[in-house]
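Participant:
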Amino acid sequence: MSSQDKEAQEDELLALASIYDEDEFKRADSAQGGETRICLELPQNFKIFVRGSPTECLQNSGYEYTICFLPPLVLNFELPPDYPSVSPPVFTLSSKWLSPTQLTALCKHLDNLWEENRGCVVLFAWMQFLKEETLAYLNITSPYELKLCHRETGQRRTSVFPLNAELDGCGAAGAATAQEEILDERAVQDVESLSSLIGEILDFDQAQQKKCFNSKIFLCSICFSEKLGSECMYFMECRHIYCKSCLKDYFEIQIRDGQVHCLSCPEPKCSSVATPGQVKELVGEELFARYDRLLLQSSLDLMADVVYCPRPCCQTPVMQEPGCTMGICSSCNYAFCTLCKMTYHGVSPCKVTAEKLMDLRNEYQEADEATKIFLEQRYGKRGIRKALEELESREWLEKNSKACPRCGTHIEKLDGCNKMTCTGCRQYFCWLCMGCLSRASPYGHFNDISSPCFNRLFQAMNVDAEDED
Numbered sequence: 033m034s035s036q037d038k039e040a041q042e043d044e045l046l047a048l049a050s051i052y053d054e055d056e057f058k059r060a061d062s063a064q065g066g067e068t069r070i071c072l073e074l075p076q077n078f079k080i081f082v083r084g085s086p087t088e089c090l091q092n093s094g095y096e097y098t099i100c101f102l103p104p105l106v107l108n109f110e111l112p113p114d115y116p117s118v119s120p121p122v123f124t125l126s127s128k129w130l131s132p133t134q135l136t137a138l139c140k141h142l143d144n145l146w147e148e149n150r151g152c153v154v155l156f157a158w159m160q161f162l163k164e165e166t167l168a169y170l171n172i173t174s175p176y177e178l179k180l181c182h183r184e185t186g187q188r189r190t191s192v193f194p195l196n197a198e199l200d201g202c203g204a205a206g207a208a209t210a211q212e213e214i215l216d217e218r219a220v221q222d223v224e225s226l227s228s229l230i231g232e233i234l235d236f237d238q239a240q241q242k243k244c245f246n247s248k249i250f251l252c253s254i255c256f257s258e259k260l261g262s263e264c265m266y267f268m269e270c271r272h273i274y275c276k277s278c279l280k281d282y283f284e285i286q287i288r289d290g291q292v293h294c295l296s297c298p299e300p301k302c303s304s305v306a307t308p309g310q311v312k313e314l315v316g317e318e319l320f321a322r323y324d325r326l327l328l329q330s331s332l333d334l335m336a337d338v339v340y341c342p343r344p345c346c347q348t349p350v351m352q353e354p355g356c357t358m359g360i361c362s363s364c365n366y367a368f369c370t371l372c373k374m375t376y377h378g379v380s381p382c383k384v385t386a387e388k389l390m391d392l393r394n395e396y397q398e399a400d401e402a403t404k405i406f407l408e409q410r411y412g413k414r415g416i417r418k419a420l421e422e423l424e425s426r427e428w429l430e431k432n433s434k435a436c437p438r439c440g441t442h443i444e445k446l447d448g449c450n451k452m453t454c455t456g457c458r459q460y461f462c463w464l465c466m467g468c469l470s471r472a473s474p475y476g477h478f479n480d481i482s483s484p485c486f487n488r489l490f491q492a493m494n495v496d497a498e499d500e501d
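The numbers in the numbering used here rise by one with no breaks, and the one at position 156 of the sequence shown is 188.
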């Protein structure tokens, strides 16, 4: 190696290391060479299109994805001792989404660039061409369609050929057809299958978008502070951006209040909702466990065939069999009626508790014929009639009688003074204030000036007499 070639190589490698960051250029440790990863600048709203499903090529359907970044072209090179005075760099060019035919065309153009600049360093010119002119040189436009094909090159090879990326006459393909062209051994397509290629493209695009987002400055619309994207978060649907600190406080308050469906964008009239992954990133493990539990429970509540075990210590969700009123808890093995939530009672009607009498009467009186038949089958006609009679009796007693302050026996006052005697326990009590009276002097309550019922022994009788007059 001449001193001039050695100096030129060192200067070129140092210049590339200073121009590009470590993700784009990495110098080899053992030899004069390295690796460059070149991300192309895609037009806005660039789309890739795949016919059929990712696993099956169906001709009557397709999938289209809008992306901002494609996986990089990888140029591995090694500088021979007589570079740049005599020999060009030894290289391989690999890509996941370009076909071997396209990569071959690029390799040939890199050779042409060397011939035009023979005797001078050429790596930077190669990298600039690949970064800025690849799409135009290969005539790649949006939507960029991918399709699985087979190609014979000595041995069978599976490749991905973009159908809309045909080379024009100025490209390296010339007038030769794709089948007649010999593939360059330096052209490497690093992909296993169409489905894996789509997954890698989407994953890389998401990672690059996150990297770009993290490096920018944004204004939080809540605290009005400017912060790096790495300290912010955006909602997937609306792309509204807020700092993580504000969203963390907002999410924690909502989750503590049980409002797991209200973790939406704070922007007024915006319906975008945070994803579970975003919630998990911001709140602690305990709050996220509560959020996850409440979210699952609310989802189960919307399912008509899911009931909960009625035992307070269990509450496990139970799938209800169609047409069956028996539920068996998978956790505690409790067999219960899915209608009344009591112990399973077979074909016997459900019992009506005292607390549900009013609701049952209102529901039965306001129901249509079909609902009335269902209620009669559930509780039985006799049970419903008994419930209605008991409720009417209770309402009559509450309206026309009072309960003894000692034993609770309902007493009806027909006439007489306000000193009453319970028919159950023989306790004296005042009909006006319902206080217990002394057995030795029951009328002293009405003669005591400090008593609230002073001189009111016959008050109701006087009112009745006036009404009659």
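We put the beta carbon where it would ideally sit given N, CA and C, even for glycine.
For Phe490, which beta-bridge partners are listed by DSSP?
Facilitator: Position 458 of the sequence shown holds residue 490. None; Phe490 has no bridge partner.
Participant: In the segment 212-284, which residue ranges form an unbroken alpha helix (DSSP H) of at least 4 residues, counting only runs that do not cross its ends?
Facilitator: The segment 212-284 contains these whole alpha helix (DSSP H) runs: 226-247.
Participant: Tell me the DSSP bridge mates of Ile360?
Facilitator: Mapped onto the sequence shown, residue 360 falls at position 328. Paired residue(s): Ala367.
Participant: With H, G and I counted as helix, E and B as strand and the rest as coil, what does DSSP make of Pro344?
Facilitator: Walking along the sequence shown from the start, residue 344 turns up at place 312. DSSP places Pro344 in coil when its eight states are reduced to three.
Participant: Using the rule of at least 16 other Cβ atoms within 10 Å of the residue's Cβ for burial, across every protein chain shown, is Leu314 buried or exposed?
Facilitator: The sequence position of residue 314 within the sequence shown is 282, counting from 1. Per the 10 Å Cβ criterion, buried.
Participant: Can you look up Ile481 in the DSSP assignment and give me helix, strand or coil?
Facilitator: Start at 1 with the first residue of the sequence shown, and residue 481 comes out as number 449. In this structure, Ile481 counts as coil in the three-state DSSP scheme.
Participant: Cα separation between Cys66 and Lys58?
Facilitator: Within the sequence shown, residue 66 is the residue found at index 34, counting from 1. Within the sequence shown, residue 58 is the residue found at index 26, counting from 1. Residue 66 is actually Gly in this sequence, not Cys. Going by the C-alpha atoms only, they are around 6 Å apart.
Participant: Report yes or no: do three or more beta-carbon pairs, one from the segment 263-281 and one from the segment 230-240, lie closer than 8 Å?
Facilitator: Touching, no, given that fewer than three Cβ pairs across the two stretches are closer than 8 Å.
Participant: Grab the span of the alpha helix (DSSP H) containing Phe156 for me, first residue to last.
Facilitator: Taking the sequence shown and counting its residues from 1, the one referred to as residue 156 is at position 124. Where Phe156 is concerned, the enclosing alpha helix (DSSP H) stretches over Leu155 to Tyr169.
Participant: State the Cα-Cα distance for the pair Cys264 and His272, rounded to the nearest angstrom.
Facilitator: Mapped onto the sequence shown, residue 264 falls at position 232. Mapped onto the sequence shown, residue 272 falls at position 240. Rounded to whole angstroms, Cys264 to His272 spans 10 Å at the Cα level.
Participant: Among the residues of its own chain, which have a CB less than 6 Å from the CB of Gly206, if the five just before and after it don't count?
Facilitator: Here residue 206 refers to the residue found at position 174 of the sequence shown. Bear in mind that the predicted position of Gly206 carries a pLDDT of just 39, short of 50, making it unreliable; the figure below should be weighed with that in mind. The answer is none, since no qualifying residue turns up.
Participant: From the DSSP output, in three-state form, read off Phe101 for me.
Facilitator: To locate residue 101, count along the sequence shown from 1; it is residue 69. Phe101 falls in the coil class under three-state DSSP.
Participant: What residue from Ser117, Ser433, Gln160 and Lys383 has the CA that sits closest to Leu138's CA?
Facilitator: Taking the first residue of the sequence shown as position 1, residue 138 is located at position 106. With distances taken between Cα atoms, Leu138 lies closest to Gln160.
Participant: Jot down the residue ranges of each uninterrupted alpha helix (DSSP H) in the segment 417-484, minimum 4 residues, whole runs only, in chain order.
Facilitator: DSSP runs (the alpha helix (DSSP H)) wholly in the segment 417-484: 476-479.
Participant: In its own chain, which residues sit with a C-beta less than 6 Å from the C-beta of Gln491, not counting the 5 before and 5 after it?
Facilitator: Locating residue 491 in the sequence shown gives position 459, counting from the first residue. For Gln491, where only same-chain residues beyond five positions count, there are no Cβ hits under 6 Å.
Participant: Is it right to say Met351 is buried, meaning 16 or more other beta carbons lie within 10 angstroms of its own, or is it exposed?
Facilitator: As a position in the sequence shown, residue 351 is number 319, starting the count at 1. Classification of Met351: exposed, given that the 10 Å Cβ count is below 16.
Participant: With H, G and I counted as helix, E and B as strand and the rest as coil, what does DSSP make of Pro308?
Facilitator: As a first step, residue 308 is located in the sequence shown; it is residue number 276 there, counting from the start. Pro308 falls in the helix class under three-state DSSP.
Participant: Whole angstroms are fine: how far does the CA of Leu162 sit from the CA of His141?
Facilitator: One-based indexing of the sequence shown puts residue 141 at position 109. One-based indexing of the sequence shown puts residue 162 at position 130. Looking at the two C-alpha atoms, the distance is approximately 10 Å.
Participant: Tell me whether Lys383 sits in a helix, a strand or coil according to DSSP, three-state version.
Facilitator: By one-based count along the sequence shown, residue 383 stands at place 351. Looking at Lys383 - three-state DSSP - the assignment turns out to be coil, as it is neither helix nor strand.
Participant: So what does DSSP say about Arg69, is it helix, strand or coil?
Facilitator: On the sequence shown, residue 69 is found 37 positions in, with the first residue counted as 1. Arg69: strand per DSSP, three-state reduction.
Participant: Give me the residue from Leu45, Leu72, Gln76 and Ile70 with the minimum Cα distance to Asp61.
Facilitator: Here residue 61 refers to the residue found at position 29 of the sequence shown. For the residues Leu45, Leu72, Gln76 and Ile70, the minimum Cα distance to Asp61 belongs to Leu45.
Participant: Contact defined as beta carbons within less than 8 Å: I believe Cys462 pairs with Cys485. What is the distance between those atoms, to the nearest angstrom?
Facilitator: If you number the sequence shown from 1, residue 462 lands on position 430. If you number the sequence shown from 1, residue 485 lands on position 453. Yes, Cys462 and Cys485 are in contact; Cβ-Cβ is about 6 Å, under 8 Å.
Participant: Quick check on Asn394: does DSSP put it in helix, strand or coil?
Facilitator: What you label residue 394 is simply residue 362 of the sequence shown in a count that begins at 1. DSSP places Asn394 in helix when its eight states are reduced to three.
Participant: Please classify Cys152: is it buried, with 16 or more other beta-carbons within 10 angstroms of its beta-carbon, or exposed?
Facilitator: As a working mapping, residue 152 is identified with position 120 in the sequence shown. Exposed, because fewer than 16 other Cβ atoms sit within 10 Å of the Cβ of Cys152.
Participant: Any contact between the segment 282-293 and the segment 317-330? By contact I mean 3 or more CB pairs, one from each, below 8 Å.
Facilitator: The segment 282-293 is in contact with the segment 317-330.
Participant: Starting from the C-beta of Ser262, find all residues in its chain whose C-beta is less than 6 Å away, skip the five residues before and the five after it, and write them out in chain order.
Facilitator: Stepping through the sequence shown from its first residue, residue 262 is reached at position 230. The answer, listed in chain order, is Asn246.
Participant: Note down the Cα distance separating Tyr460 from Lys451, rounded to an integer number of angstroms.
Facilitator: Position 428 of the sequence shown, counted from the first residue, corresponds to residue 460. Position 419 of the sequence shown, counted from the first residue, corresponds to residue 451. Distance between the alpha carbons of Tyr460 and Lys451: 7 Å.
Participant: Can you tell me where the beta strand (DSSP E) holding Ser127 begins and where it ends?
Facilitator: Locating residue 127 in the sequence shown gives position 95, where the first residue counts as 1. Run containing Ser127: Val122 to Ser127, per the beta strand (DSSP E) assignment.
Participant: Tell me the rounded alpha-carbon separation between His377 and Glu421.
Facilitator: As a position in the sequence shown, residue 377 is number 345, starting the count at 1. As a position in the sequence shown, residue 421 is number 389, starting the count at 1. Going by the C-alpha atoms only, they are around 24 Å apart.
Participant: Could you pull out every residue in the same chain whose Cβ sits closer than 6 Å to the Cβ of Tyr475, ignoring the five residues on either side in sequence?
Facilitator: Within the sequence shown, numbered from 1, the residue matching residue 475 stands at position 443. Cβ within range, chain order: n/a, list empty.
Participant: Thinking C-beta only, is Pro175 closer than 9 Å to Ile249?
Facilitator: For the purposes of this step, residue 249 is taken as the residue at position 217 of the sequence shown. For the purposes of this step, residue 175 is taken as the residue at position 143 of the sequence shown. Contact flag unset, no.
Participant: Quick check on DSSP: helix, strand or coil for Leu295?
Facilitator: On the sequence shown, position 263 is the one that residue 295 refers to. Note: Leu295 maps to coil in three-state DSSP.
Participant: For Tyr115, which residues from the same chain have a beta carbon less than 7 Å from its beta carbon, with the 5 sequence-adjacent residues on both sides left out?
Facilitator: On the sequence shown, position 83 is the one that residue 115 refers to. The answer, listed in chain order, is Asp37, Gln41 and Pro121.
Participant: Are Pro132 and Leu229 closer than 9 Å when you measure CB to CB?
Facilitator: Position 100 of the sequence shown, counting from 1, holds the residue named residue 132. Position 197 of the sequence shown, counting from 1, holds the residue named residue 229. Not closer than 9 Å, so no.
Participant: Under 8 Å by Cβ, that's how I've got Cys382 and Leu371 pegged, so tell me the actual separation to the nearest angstrom.
Facilitator: As a working mapping, residue 382 is identified with position 350 in the sequence shown. As a working mapping, residue 371 is identified with position 339 in the sequence shown. About 6 Å separates the two Cβ atoms, so the contact holds.
Participant: When you compare only the Cα positions, how much space is there between Ile285 and Asn77?
Facilitator: Here residue 285 refers to the residue found at position 253 when the sequence shown is read from its first residue. Here residue 77 refers to the residue found at position 45 when the sequence shown is read from its first residue. Rounded to the nearest angstrom, the two C-alpha atoms are 38 Å apart.
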